[in-house]
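Residue numbers (this note's numbering): 440 to 473.
Following this line, the structure appears as structure tokens:
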């Protein structure tokens, strides 16, 4: 139970980081093309 919850938390953290990097990358591309 505790391990499963920890895994979910870790996965959410990783997904959030990846999403943040993707958004930053997109914003950077828009800034370059603008």
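The beta carbon of each residue, even a glycine, is placed where N, CA and C say it ideally should be.
Every value quoted in this text rests on a predicted model; they were computed, and no experiment measured them.
Using the C-alpha atoms, what's the distance from residue j back to residue i?
i           : j           : result
residue 458 : residue 471 : 20 Å
residue 473 : residue 465 : 12 Å
residue 468 : residue 452 : 24 Å
residue 461 : residue 449 : 18 Å
For a test of the three-state rule: what should DSSP assign to residue i, helix, strand or coil?
i           : result
residue 473 : coil
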